[in-house]
Each structure stands twice: as C-alpha cells, then as structure tokens.
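Below you'll find the structure, written out as structure tokens, and then a few comments.
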Amino acid sequence: MDSNSHSNSHVLIFPFPVQGHVSCMLKLAELLCLSGLHVTFLNSDIIHRRLLRYTDVVSRFSRYPGFRFETISDGLPPDHPRSGNRVVDIFDSIKMVTKPMFREMLLPGGCLNCGSRPPVSGVIADGIMCFTIDVAKEVGIPVYLFRTVSASCFWAFYCIPKLIESGDLPIKEDDEMDRLLSGVTGMEKYLRLRDLPSFCRASDLSDRGFQVVTSETQETYRANGLILNTFEDLEESALVQIRKHIPNIYAIGPLHAHLKSRLEARMTSPPRSSNSLWEEDRTCMTWLDEQSRKSVIYVSFGSMTMLSREELIEFWYGLVNSRKKFLWVVRPNSVAGDGQNFPAQLLEGTMERGYMVRWAPQEEVLAHPAVGGFLTHSGWNSTLESIVAAVPMICWPYYADQQVNSRLVGEVWKLGFDMKDICDRVVVEKIVKDLMDEKRDELIRPVDRMMKLARRSVVEDGTSYSNLNRLIEDIKTSTK
Ligand code: UDX
C-alpha cells in the first residue's frame, strides 16, 4: 500500500509539546503516511504556530491526502517559558486542562471523528502522557506509547522503584556519585549514581519531575505497545530487559534516517525537511563550505538547555583556546540572565575561528564534510543524528535522559567523551583537542561501525524497517 491508496486505519499522533518530541513524532507521522494510513497530528496551539512560522511543514504534508493537523491548548499562558526546569509545568497543565479537551475531541462525534475520513482507530501518544491510555480505552481503540528517550534511559526510569527500595535513591549527601549501581539490571558494570537521569538527583522524592517520569514509565505496560526511536544493534541489552516487562516493543529508529531511506526509495532527491521551532540560519552552511574537511567542531545544546553566563564563558574560552574552528548554536533566551544576546565582548575575536547562529539546520550540519566533532548536550535526537552522520561526540549532558545517554556514548559505545558535570575552560580545551586530533583514531572505528549498523537497520530487511512494518500491520489489523 502506498501514500495514495488509503486503508481504513486512522491514527492519531499526540506528542508532548516540545521540540525534541514534536520533530521525531512528525517523522513517524510521515512514515505512516507513506504506508497509506490516515494520520491526524495533534499539536499544541503554540507549537503549531511556530511550526507554521518557521517551516514548510504544511505544504510538505499536503503531499499526503490522508494527513491532517489538529490543535489543542497546552493549558499554559502564552508567555510561559516552557523550557529549562519549567518544562515540568507542561505536564501538570496538560493533565488538568488538555486531557478533558482531548477526551471530548476523541469521543464519537468529537472533532477528530467528523468529516469524510474514517474515525480514529488507534492512538500513538507520547509515552509521558499516559492519560491518553484511559481516553483511548474509553473509546475502545488501541494506544501505542512513543518514548523519545533511549531504551537504556527508559530502562533506568523503569528501575527507579527498585532503586528506592534498595536505598540508592534519593541520593544522600555523602553518597559517592561515582559509585556503580546494581539496581539497573544489565547496566551494573558502567552505570554510576552520576549517570542516572537528572531527576534522580533530587534530594526529595516529591520532586515533580522525578514523580512524573517515574509514574508515567510504570504505566507503560497498560498500552498496546511501546515505540522507541532506537535500533536493536545499538541498544539490544536494554531492549532485552524491557521486553521482560513490556513484551511488545517496536524499535524503529533512527527515525530521521528511516524516513530519509523510505523517501529515497520513492524519489530520487527527497526535498529538504525541517521541523524546527526556531528559524534556521542557513548562512552557516555557506561558512562550512569554506572550511576544510573534518576541521570544525559543531556546538549545540539542543532545544531546552539553559546555560549560566559562567558556563557560556568557560565553553567559549575552551573552544577558542583549542584553536579549532567551531560552529556554535546559541538559542535565543538560552543564557540565564542574558536576555536575547550572546555577550558582545565574547563575539569580538570569535569571528576568526568561530561562527555563531541562533538555530542551525542540524541534520545537514552534521552531514557536512567539514564537521569533525559535536559538542552536544546528549539529547537523544542529537545523539542519533550524530551516530548516523558518523560524527564523534563530546557530551555535556544537561538534564533528564541526557546523563544516561552520555555515559553510553563515552563508556559503552566508545563514540566520544563524556564531560558530565564539568564545565571548565582547561578541560574543554583539552577534550576538544583530543576529539579533533590527539585521540581521534581510537574513536573512528566504533563511530564508523555504528553508523553502518544504524543505516543498515532502516533499509529493507533491517530490524527497524521490519519493526515499523509490524507496527503498521498491527495498527491495520486492529482497525474494526
Ligand atoms: C530533549 C531530551 O533530552 C531528548 O533526549 C528527548 O528525546 C527530547 O527532549 P532536546 O533538548 O530537544 O531534547 O534535544 P534533542 O533530543 O537532541 O533534540 C533537539 C532537536 O533539535 C534535534 O533533532 C536537532 O537536530 C534539532 N536542532 C537542534 C536543530 O535542528 N537545530 C539546532 O540548532 C539545534
């Protein structure tokens, strides 16, 4: 079945409204459209406005006659920052304000079920919004949860009750952060207290972020299946552990590579696609064109990290002192207390070796031949994008799942160096030099190997390719 011959299956996709979740769930939406499913993508009003403003998403999806966008409120006032440690407010407002609206929309006669399209026959909801399970069950349709984090991080979240029981959590003041943990089965040899998801650092178990991820993760078993943006070769051991508790898992990533591969199978040069919530500054591509091969380190801390002014200055000195060229994304309002702008005095003198933008076309940047390294916050999308582009990483995790990802990159997969919890110009300088020159040779082979495994997983007969086909079949057969 292709995108022009529609089945009766109609899937509703409902992401948690932040960049890293919306962009990869849009990729999944497009993959489902390519298989001829009807798809409705439910965005928060605010995210939808930004997508309309900064992307061509509407015209891109107009290729798929079975696709629609719908919008819903996230329940927060327009001027709420929705980033950094305030992201947790979105959980509460969605549960209180958005859930009843979502229920109304999904019930028979609700706006998601009117018009000429078949009624919604299945839901793919963000796995941190388990209230969708109750609503889908009330309507009598299956619900699949999509977690945007790594399988390893999901598994660490899953083990939190066990870590509380064993006394490992909450972390006590005199605890050694470098102590290995035995409570996350399969990860005993390398997971330290320091590498647990950042929410676990809360001294108090009533911390809202900690409570939300713990309880949402424990509810996953109630869904019909769990979709993960990963691939079997990368996270086999975590997937084995999770399957003991949640047997029906679809590992279908890396989604960006998967979509690219399926589009390329249909057309010679698929159009460039962006799901960015900020305006991409494409001048950096021209700048990269002028740089020599593998000479530039790309620096970006994702869509939610907030840097203190001190951290920004340490990174800046470290990068400049490394004498390497760098392309640095400094998102608007991402430096605490700094308002809109990068400090002017730092910019002077940067121009020789560095190029700064507010938001970059990251997938293209990582694929550019001039890029030889990535200083990243270890967000899961960024990690996968770096793996597929075969770019070694320096990890400086900020929060949530990133602490787990960076440990895997540095200690298990050997795809880079983990600089967790350190932000010092001397260390930054040394680690940049190591990555780009001195220790580069030891990274190249694992980086190249993982890139090949990632790419192989998404082509015909690859594991992610087969898992996606199984998901599509399961959605179709569950349609009454
Ligand atoms: C957070 C989590 O840490 C992440 O692991 C989770 O899966 C989603 O929420 P975020 O800070 O958004 O993520 O990081 P990441 O997952 O890496 O996603 C950022 C996305 O923005 C990437 O797809 C990246 O390509 C894109 N990006 C980033 C740009 O397109 N341009 C930029 O300049 C910076």
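Following my numbering, the numbering of the sequence shown begins with 10 at its first residue and continues without gaps. Even glycine gets a Cβ: it sits at the ideal position worked out from N, Cα and C.
C-beta contact flag for residue i and residue j at 9 angstroms
| i | j | result |
| --- | --- | --- |
| L384 | F324 | yes |
| Y259 | L41 | no |
| G363 | K303 | no |
| K423 | L444 | no |
| G131 | H267 | no |
| L243 | V31 | no |
| N257 | S487 | no |
| V265 | E372 | The sequence shown places His at residue 265, rather than the Val named in the question. Yes, Cβ-Cβ distance for H265 and E372 is below 9 angstroms. |
| P280 | D410 | no |
| V34 | D135 | At residue 34 the sequence reads Met, which differs from the Val that was named. A contact, by the Cβ cut-off of 9 angstroms. |
| V491 | S331 | A question about residue 491 goes unanswered here, because the residues of the chain that appear run from 10 up to 489. |
| V366 | V400 | no |
| S4 | D88 | Because residue 4 is not part of the residues shown, which for the chain are 10 to 489, the question remains open. |
| M498 | A379 | As displayed, the chain neither begins before 10 nor continues past 489, which places residue 498 out of reach and without an answer. |
| L202 | R188 | yes |
| R62 | E288 | yes |
| N284 | T157 | no |
| M377 | L328 | According to the sequence displayed, residue 377 carries His and not Met. Cβ distance not < 9 angstroms, so H377 and L328 don't count as in contact. |
| V148 | L116 | yes |
| F25 | I133 | no |
| S92 | V27 | yes |
| S45 | G84 | Residue identity check: residue 45 is Gly in the sequence provided, not Ser. Against a cut-off of 9 angstroms, the Cβ pair of G84 and G45 comes out as no contact. |
| W389 | G118 | no |
| E197 | C139 | no |
| A247 | A160 | yes |
| R490 | I322 | Residue 490 lies beyond the residue range present for the chain, which begins at 10 and ends at 489; the question has no answer from this structure. |
| R69 | S282 | yes |
| S270 | R458 | no |
| I169 | T226 | yes |
| K333 | V441 | yes |
| G346 | S387 | no |
| K485 | S16 | yes |
| N94 | G218 | yes |
Start and end residues, alpha helix (DSSP H) containing residue i
| i | result |
| --- | --- |
| I484 | 472 to 486 |
| R458 | 449 to 466 |
| S68 | 66 to 70 |
| V400 | Where V400 is concerned, there is no enclosing alpha helix (DSSP H), given that its DSSP letter is neither H nor E. |
| I322 | 318 to 331 |
| A376 | 371 to 376 |
| G419 | Per DSSP, G419 belongs to no alpha helix (DSSP H) and is neither H nor E. |
| T226 | 217 to 227 |
Beta-carbon separation (whole angstroms), residue i vs residue j, contact threshold 8 angstroms
| i | j | result |
| --- | --- | --- |
| V152 | I137 | In fact, because the Cβ distance is near 14 angstroms, the residues do not count as touching under 8 angstroms. |
| V222 | F208 | 6 angstroms |
| L154 | L235 | 5 angstroms |
| S224 | P179 | In fact, because the Cβ distance is near 16 angstroms, the residues do not count as touching under 8 angstroms. |
| V129 | L21 | 5 angstroms |
| V413 | Y199 | Contact flag wrong, Cβ pair sits at about 10 angstroms. |
| S475 | V467 | Incorrect: roughly 10 angstroms between the Cβ atoms, too far for contact. |
| C150 | P263 | Residue 150 is actually Ile in this sequence, not Cys. Actually they are not in contact, since the Cβ atoms of I150 and P263 sit about 28 angstroms apart, beyond 8 angstroms. |
| I261 | L477 | 4 angstroms |
Residue interval of the beta strand (DSSP E) (run including residue i)
| i | result |
| --- | --- |
| W4 | With the chain running from 10 to 489 in the structure shown, residue 4 is simply not present. |
| N52 | 47 to 53 |
| W296 | That residue, W296, is in no beta strand (DSSP E); its alpha helix (DSSP H) goes 292 to 298. |
| L336 | 334 to 338 |
| T239 | Taken as a continuous stretch (DSSP letters only), T239 belongs to no beta strand (DSSP E), as it is neither H nor E. |
| L384 | 380 to 385 |
| G363 | 363 to 366 |
| A266 | It is not in any beta strand (DSSP E) - A266 instead sits in the alpha helix (DSSP H) that spans 264 to 273. |
| S309 | 305 to 309 |
| R425 | It is worth fixing the name first, because residue 425 is Gly in this sequence and not Arg. Note, G425: beta strand (DSSP E), 425 to 427. |
| R77 | 76 to 81 |
| I431 | Here I431 belongs to no beta strand (DSSP E), and DSSP marks it neither H nor E. |
| I258 | 258 to 260 |
task = Mind the definition here: the region 92 to 111 touches the region 184 to 194 only if three or more C-beta pairs lie below 8 angstroms; say whether that holds.
result = no
query = Does the region 65 to 81 touch the region 310 to 322, meaning 3 or more C-beta pairs lie closer than 8 angstroms?
reply = no
inquiry  = If we require 3 or more residues per run, which beta strand (DSSP E) segments fall completely within the region 143 to 211?
reply    = 152 to 156
query = Is it a yes or a no for the region 268 to 276 touching the region 289 to 304, going by three-plus beta-carbon pairs under 8 angstroms?
reply = no
request  = Report yes or no: do the region 388 to 407 and the region 328 to 342 share at least 3 C-beta pairs separated by less than 8 angstroms?
outcome  = no
task = Could you tell me whether the region 52 to 63 touches the region 165 to 185, using the rule of 3 or more Cβ pairs below 8 angstroms?
result = no
message = So within the region 84 to 137, which uninterrupted alpha helix (DSSP H) runs reach at least 4 residues, ignoring any that extend past its ends?
response = 97 to 102, 108 to 115
inquiry  = In chain order, what are the residue ranges of uninterrupted beta strand (DSSP E) at least 3 long that sit wholly in the region 16 to 50?
reply    = 19 to 23
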